[in-house]
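Engineer: One structure, pasted below without further comment.
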């Protein structure tokens with residue numbers, strides 16, 4: 001299947017390297033990440049195959065720009081990609097020779113971070129757990145030495161139990 005994709009991309013006008021990069025990204029989006037409605041097009045200005053795909057069936061297409069991990073990038077070049085493809089948001093699909101793909105979302109200007117409250121909540125839970133473990137460290141160590149299970153009751157949560 002990979003060879004068929006590469007030859008199809010080369011027939012569109014892409015060079016061998018761009019065809020291999022695009023086929024790797026397309027296959028990963030399709031087979032691994034399970035994206036929907038995957039499309040591709042050859043862009044003569046950049047000599048690249050651009051992959052478009054939907055994360056879910058109802059979402060709009062996202063643009064994926066396959067590039068080699070050895071390709072030099074600058075902010076100007078990234079901005080040029082957004083201007084050439086006439087999008088405000090795209091994903092750089094950076095492909096390493098061992099077929100590892102790393103995706104970086106790029107946007108025009110600055111974008112707001114995604115869901116920082118969930119991260120803070122996770123950090124707060126971790127801090128609370130660390131505090132409880134420190135508070136009951138001696139009991140936990142003794143139980144571990146004798147192979148006994150320990151249940152720590154959190155008084156602040158109306159008999160909520162944490163099994164350790």
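Numbering (the UniProt record's numbering), first residue to last: 1 to 164. Glycine included, each C-beta is placed from N, C-alpha and C at the ideal position.
Can you pull the DSSP bridge partners for residue 66?
Structural biologist: 93
Engineer: Spatial neighbours of residue 6 within its chain, please: CB distance less than 8 angstroms, with the 5 preceding and 5 following residues excluded, ordered by chain position.
Structural biologist: 16, 19, 20, 23
Engineer: Within the continuous alpha helix (DSSP H) that includes residue 39, where are the two ends?
Structural biologist: Counting along the chain, no alpha helix (DSSP H) covers residue 39; the unbroken beta strand (DSSP E) around it starts and ends at 36-43.
Engineer: With burial defined as no fewer than 16 other Cβ atoms inside 10 Å of the residue's Cβ, what is the status of residue 102: buried or exposed?
Structural biologist: Classification of residue 102: exposed, given that the 10 Å Cβ count is below 16.
Engineer: Just to confirm my understanding: we take residue 37, look at its own chain, exclude 5 residues before and 5 after, and list those with CB closer than 6 angstroms. What are they?
Structural biologist: 54
Engineer: Decide if residue 70 is buried, meaning its Cβ has at least 16 other Cβ atoms within 10 Å, or exposed.
Structural biologist: exposed
Engineer: Contact check, residue 40 vs residue 26 under 8 angstroms by CB: the rounded distance?
Structural biologist: 6 angstroms
Engineer: Could you tell me if residue 161 is buried or exposed, where buried requires 16 or more neighbouring beta carbons within 10 angstroms of its beta carbon?
Structural biologist: Because residue 161 sits at a pLDDT of 46, beneath the cut-off of 50, its placement in the model cannot be relied upon, and the following sentence gives the value as read from the coordinates. Counting Cβ neighbours within 10 Å, residue 161 comes out exposed, since fewer than 16 surround it.
Engineer: Bridge partners for residue 105 per DSSP, in chain order?
Structural biologist: Per DSSP, the beta bridge partners of residue 105 are 91.
Engineer: Based on the DSSP output, what are the partners of residue 54 in its beta bridges?
Structural biologist: 36
Engineer: Can you find the residues in the same chain that come closer than 8 angstroms, C-beta to C-beta, to residue 104, ignoring five residues on each side of it along the sequence?
Structural biologist: Non-local C-beta neighbours of residue 104 in its own chain, meaning closer than 8 angstroms and more than five positions away in sequence, comprise 91, 92, 94, ordered along the chain.
Engineer: DSSP state of residue 139, grouped into three classes?
Structural biologist: helix
Engineer: For residue 49, list the residues DSSP reports as bridge partners.
Structural biologist: Bridge pairing for residue 49: 42 [DSSP].
Engineer: Shortest alpha-carbon distance to residue 132 belongs to which of 49, 152, 145?
Structural biologist: Of the candidates 49, 152, 145, the residue whose Cα lies closest to the Cα of residue 132 is 152.
Engineer: Smallest Cα separation from residue 75: which of 141, 149, 10, 107?
Structural biologist: 107
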